[in-house]
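Residue numbers (the UniProt record's numbering), protein chains in the order written: chain A, 1 to 427; chain G, 1 to 427.
2 protein chains.
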Amino acid sequence: MKVVSASDFQLNRENDYGTPEQNETVKTIVQAVRTEGDTALLRYTEQLDRIRLTAGQLRVTDEELQAAYQKVEPTFVEAIRAAADNIRAFHMKQKRNSWMDVQPDGSILGQIIRPLKRVGVYVPGGKAAYPSSVLMNVIPAQVAGVPEIVMVTPPSTGGEEGINPYILVAAAEAGVTELYRVGGAQAIAALAYGTDSIARVDKICGPGNIFVALAKREVYGAVNIDSLAGPSEIAILADDTAQPAYIAADLLSQAEHDEMASAILVTPSRKLGEAVAAEVERQLELLPRRDIARASIDHYGAVVVTESLTEGIELINRLAPEHLEIITEEPMSLAGRIENAGAIFLGPYSSEPVGDYFAGPNHIIPTNGTARFASPVDLDDFIKKSSLIYYSREALLANGEQIMELARREGLEGHARAIAIRLEQER
Amino acid sequence: MKVVSASDFQLNRENDYGTPEQNETVKTIVQAVRTEGDTALLRYTEQLDRIRLTAGQLRVTDEELQAAYQKVEPTFVEAIRAAADNIRAFHMKQKRNSWMDVQPDGSILGQIIRPLKRVGVYVPGGKAAYPSSVLMNVIPAQVAGVPEIVMVTPPSTGGEEGINPYILVAAAEAGVTELYRVGGAQAIAALAYGTDSIARVDKICGPGNIFVALAKREVYGAVNIDSLAGPSEIAILADDTAQPAYIAADLLSQAEHDEMASAILVTPSRKLGEAVAAEVERQLELLPRRDIARASIDHYGAVVVTESLTEGIELINRLAPEHLEIITEEPMSLAGRIENAGAIFLGPYSSEPVGDYFAGPNHIIPTNGTARFASPVDLDDFIKKSSLIYYSREALLANGEQIMELARREGLEGHARAIAIRLEQER
Chain A
1 MKVVSASDFQ LNRENDYGTP EQNETVKTIV QAVRTEGDTA LLRYTEQLDR IRLTAGQLRV
61 TDEELQAAYQ KVEPTFVEAI RAAADNIRAF HMKQKRNSWM DVQPDGSILG QIIRPLKRVG
121 VYVPGGKAAY PSSVLMNVIP AQVAGVPEIV MVTPPSTGGE EGINPYILVA AAEAGVTELY
181 RVGGAQAIAA LAYGTDSIAR VDKICGPGNI FVALAKREVY GAVNIDSLAG PSEIAILADD
241 TAQPAYIAAD LLSQAEHDEM ASAILVTPSR KLGEAVAAEV ERQLELLPRR DIARASIDHY
301 GAVVVTESLT EGIELINRLA PEHLEIITEE PMSLAGRIEN AGAIFLGPYS SEPVGDYFAG
361 PNHIIPTNGT ARFASPVDLD DFIKKSSLIY YSREALLANG EQIMELARRE GLEGHARAIA
421 IRLEQER
Chain G
1 MKVVSASDFQ LNRENDYGTP EQNETVKTIV QAVRTEGDTA LLRYTEQLDR IRLTAGQLRV
61 TDEELQAAYQ KVEPTFVEAI RAAADNIRAF HMKQKRNSWM DVQPDGSILG QIIRPLKRVG
121 VYVPGGKAAY PSSVLMNVIP AQVAGVPEIV MVTPPSTGGE EGINPYILVA AAEAGVTELY
181 RVGGAQAIAA LAYGTDSIAR VDKICGPGNI FVALAKREVY GAVNIDSLAG PSEIAILADD
241 TAQPAYIAAD LLSQAEHDEM ASAILVTPSR KLGEAVAAEV ERQLELLPRR DIARASIDHY
301 GAVVVTESLT EGIELINRLA PEHLEIITEE PMSLAGRIEN AGAIFLGPYS SEPVGDYFAG
361 PNHIIPTNGT ARFASPVDLD DFIKKSSLIY YSREALLANG EQIMELARRE GLEGHARAIA
421 IRLEQER
């Protein structure tokens, strides 16, 4: 792992917006499902997933869900339930009330906060099918009060056996209300526009391959979508009090995700930096996913030695990492100086996997430097707000002239007259 | 104005994503400003706005801002101050605190809520330059605590005199901290990527023409953007207790905005519907902007007669209008049944212009049916959140095994080892 000074460090970041051919394919699929509905949905499922289904077979039954519990270890069920409880408890703290502001003149202004009515969650197939992501997408929607939570996942995520039973158990525990075996751009199109079998949703969440990501961009506007995630990232800010082996393990837990994942140690201690670099090399060789982790560490990993912790914080704020661990003598004293980071893990025991799986905060966090302006998934992603204005007669009489003044300066006489006609009659 | 039954009614809605040529032009401009900076910014300003500026002339000075006050009527300054006070007071109610949840095992979980650091507000030139929109974009950012609020507007919005003085006064009252005379796609690119004269921002807000809208889509990802507004809409739900003249005036206040604006009355009373249709015809002829209002009413306006108020509410929920007025005998009894509406105006005195200009809630509201999943602009648009995880040693020892169980079921051994290495050492 390379060790560089802050002035020599440049983070490599890449965005994948697909090839023109991929974009064209996605547009074709989305348009076909939009116009032909189930017919196109089933045709693409046969063509792309190599599975022939009838419309009646799209929905996963309650029996299948229950059967999945027999295929997983009891320790898994216990662990996922404990995690779900924690995630639910944390997101419950984000609940917000509708509110009113009653004015002295009898007017009432306010904001009505309601859950979305129907949300779609995409769960990828194959090795990227993560039960923890099912919890992190579904539970906030459920806590927000969304009555219909629809999950879609490719029909053969678990091989010939059908859908991965760990995913099914996570879906059941999280509170999914409908589940369909359909994936890819065709599933996104069905969620966005609706078919006879799958009613359209208000918002689509969840990760997927490039076709899924492009399809989400394509349907945005007809429905809301979550943000498009980039490769995962960790930055660790540490001083001499930190244990190199812990830091190395945490960097590697990020690096094993993806060849494009990024793992950066920022430290004013060259000694710590060199010890971590050596420890990364040692631990890396022992990892099952060592090829992926190696590529990530070589291309997107670094130990950055800074002049001071303050210079380190400045660098972190420029990076705006998805995950930030602070392992220093007094980590809480630095937390308030972090302007840009999606999730902040403090102290030696707050290893990133604690947050990935278990503690409660969401693990869907802005990547690629977007923590500068974006936030982790939370209840706000599953609500909508309406303004409420009840204006009293007294308020209109008192303020009508000023409202007309503003309307007329904008050349909108019709706006002024809507007030004038009332003033004339009510005075 | 046409009167139809609910079953015969179909709302026309259109989206404008620009022609291929417009998209190409915008890509070229954005790319040029991104790579050449001020040079391209000034070149396009000369080419498109026909005004030659030096980099030093881009920024509007405090003297120019103060001079604008001499060019507007004192009644306007009074009215805009009263409006700004109301908007500020309403948005202050949306303030949220960072919070912590202290656990029995000594762990601390929480959410840090911070303002964005730097926000850009686009204000269009010409007749679409509305001081009220300056207030509605800038005040929420200012109340949220955004320290740098940058406004850009084309250099000749007020003709040869320079920038429209009403816009300048609104900017000063709202709390803009920097103001630049630059517009179009080139201004959006400068805000997104930064130039020597204009530092990049975290989010770009505000309406604009098709080139501005396409440029915002183009830079999305490098910065955040607000939603892309469609034509303005009003729906009014009314019964026999309503005054036809008020309703007609409110419909026309929407119709005068734009030939694509939509104004719909929904009522179970055919008598009221016909009276309103006649009143619209009468009032329309007297409006200065009668040609625009006529086109809007003819193409996007309707009186829809329903079987009942309940059927009316169902129709409203399908429309998901930007603005909804409820003018019935007991409007509050219906408000809770409205699932989809951006802003709800209750009773005979809550004419839409009350909200457009003055009451306090934001007038930037989801259009085109997107109130199904989107919300009016508020403080949430100008903050970012970071999760905080401080996990105690006790918590890690108690939960480490379950975290490892979940990591291993996902095939992420590196995640499990980040926990295991700590358990081995701490136990």
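For every residue, glycine included, the Cβ atom is placed at its ideal position computed from N, Cα and C.
Next on the checklist: On the criterion of 16 or more Cβ atoms from any shown chain inside 10 Å, does Pro-124 (chain A) qualify as buried, or is it exposed?
Outcome noted: buried
Item to check | Amino acids of chain G, ordered along the chain, whose beta-carbon sits closer than 8 Å to that of Arg-427 (chain A) | outcome: The premise fails here: Arg-427 (chain A) is roughly 13 Å from chain G at the closest Cβ pair, so nothing lies under 8 Å.
Item to check | Same chain, Cβ closer than 7 Å to Asp-356 (chain A), five either side skipped, listed in chain order | outcome: Ser-132, His-363
Item to check | Presumed contact (8 Å Cβ cut-off) between Arg-289 (chain A) and Glu-322 (chain A), rounded CB distance | outcome: That pair is no contact at about 19 Å.
Checklist entry - List, in order along the chain, the chain A residues whose C-beta lies closer than 7 Å to that of Thr-75 (chain G)? => result Glu-405
Checklist entry - To the nearest angstrom, how far is it from the Cα of Pro-348 (chain G) to the Cα of Val-201 (chain A)? => result 35 Å
Next on the checklist: Using a 10 Å radius around the Cβ and a threshold of 16 neighbouring Cβ atoms, would you call Ser-227 (chain A) buried or exposed?
Outcome noted: buried
Checklist entry - Thinking just about the alpha-carbon of each residue, which of G:Ile-139, G:Gly-184, G:Thr-153 is nearest to the one in Val-377 (chain G)? => result G:Ile-139
Next on the checklist: Residues of chain A with CB closer than 8 Å to the CB of Ile-87 (chain G), please, in chain order.
Outcome noted: Here the premise fails: no neighbours, minimum Cβ distance about 11 Å.
Item to check | Cβ distance (whole Å) where Tyr-122 (chain G) is taken to contact Ala-187 (chain G) below 8 Å | outcome: 7 Å
Checklist entry - With Gly-360 (chain G) and Leu-109 (chain A) assumed to form a contact (beta carbons below 8 Å), what rounded beta-carbon distance in angstroms separates them? => result 5 Å
Checklist entry - Under a three-way DSSP split, which group does Ser-333 (chain G) fall into? => result helix
Checklist entry - Is Glu-311 (chain A) closer than 8 Å to Ala-6 (chain A) when the C-beta atoms are compared? => result yes
Next on the checklist: What does the Cβ neighbour count give for His-91 (chain A), buried or exposed, with the cut at 16 atoms within 10 Å?
Outcome noted: buried
Item to check | Cβ of His-91 (chain A) within 8 Å of any chain G Cβ | outcome: no
Checklist entry - Who are the Cβ neighbours of Ala-245 (chain A) in its own chain at under 6 Å, not counting the five residues just before and after it? => result Glu-279
Next on the checklist: Which residues does DSSP list as the beta-bridge partners of Tyr-357 (chain A)?
Outcome noted: For Tyr-357 (chain A), which the question treats as bridged, DSSP gives no partner whatsoever.
Checklist entry - When the cut-off is 8 Å and only beta carbons count, does Lys-127 (chain A) lie next to chain G? => result yes
Next on the checklist: Can you tell me whether Met-136 (chain G) is helix, strand or coil according to DSSP?
Outcome noted: helix
Checklist entry - Which of the residues in the region 331 to 357 of chain A, read from start to end, lie with their CB under 9 Å from any CB of chain G? => result Pro-331, Met-332, Ala-335, Gly-336, Ile-338, Glu-339, Asn-340, Ala-341, Gly-342, Ala-343, Ile-344, Phe-345, Leu-346, Gly-347, Pro-348, Tyr-349, Ser-350, Ser-351, Glu-352, Pro-353, Val-354, Gly-355, Asp-356, Tyr-357
Next on the checklist: Considering Cα atoms alone, identify which of A:Ala-185, A:Thr-367, A:Ala-407 is closest to Ala-32 (chain A).
Outcome noted: A:Ala-185
Checklist entry - Around the Cβ of Pro-74 (chain A), are there at least 16 other Cβ atoms within 10 angstroms (buried) or fewer (exposed)? => result exposed
Checklist entry - Using 8 Å as the limit for Cβ to Cβ distance, is Ala-238 (chain A) near chain G? => result no
Checklist entry - Going by beta carbon distance, what residues of the same chain come within less than 7 Å of Asn-23 (chain A), once the five residues before and after it are set aside? => result Leu-214
Checklist entry - With burial defined as no fewer than 16 other Cβ atoms inside 10 Å of the residue's Cβ, what is the status of His-415 (chain G): buried or exposed? => result buried
Checklist entry - How would you list, in chain order, the residues of chain A whose beta-carbon sits under 8 Å from the beta-carbon of Ile-421 (chain G)? => result Ala-245, Tyr-246, Ala-249
Item to check | Own chain residues within Cβ distance below 6 Å of Ser-386 (chain G), not counting five before or after | outcome: Ile-112
Item to check | Residue interval of the beta strand (DSSP E) (run including Val-102 (chain G)) | outcome: 99 to 102
Checklist entry - Using the C-alpha atoms, what's the distance from Glu-281 (chain A) back to Leu-396 (chain G)? => result 26 Å
Checklist entry - Looking at C-alpha atoms only, which residue of G:Ile-264, G:Tyr-17, G:Cys-205, G:Leu-135 is the closest neighbour of Val-4 (chain G)? => result G:Ile-264
Next on the checklist: What does DSSP give as the partner residue(s) for Lys-385 (chain A) in the beta ladder?
Outcome noted: A:Ile-113
Next on the checklist: Is the beta carbon of Leu-346 (chain A) closer than 8 Å to that of Ile-326 (chain A)?
Outcome noted: yes
Checklist entry - Using 8 Å as the threshold, is the region 412 to 426 of chain A in touch with the region 166 to 181 of chain A, meaning 3 or more CB pairs across them? => result no
Checklist entry - Under 7 Å Cβ-Cβ, which residues of chain A neighbour Ser-375 (chain G)? => result Lys-384, Lys-385
Checklist entry - Residues in its own chain within less than 7 Å of Pro-394 (chain A) by CB, not counting five upstream and five downstream? => result The displayed chain sequence assigns Glu, not Pro, to residue 394 (chain A). Same-chain partners within the cutoff: Asp-105, Gly-106.
Item to check | Residue-level contact to chain A via CB, His-415 (chain G), 8 Å cutoff | outcome: yes
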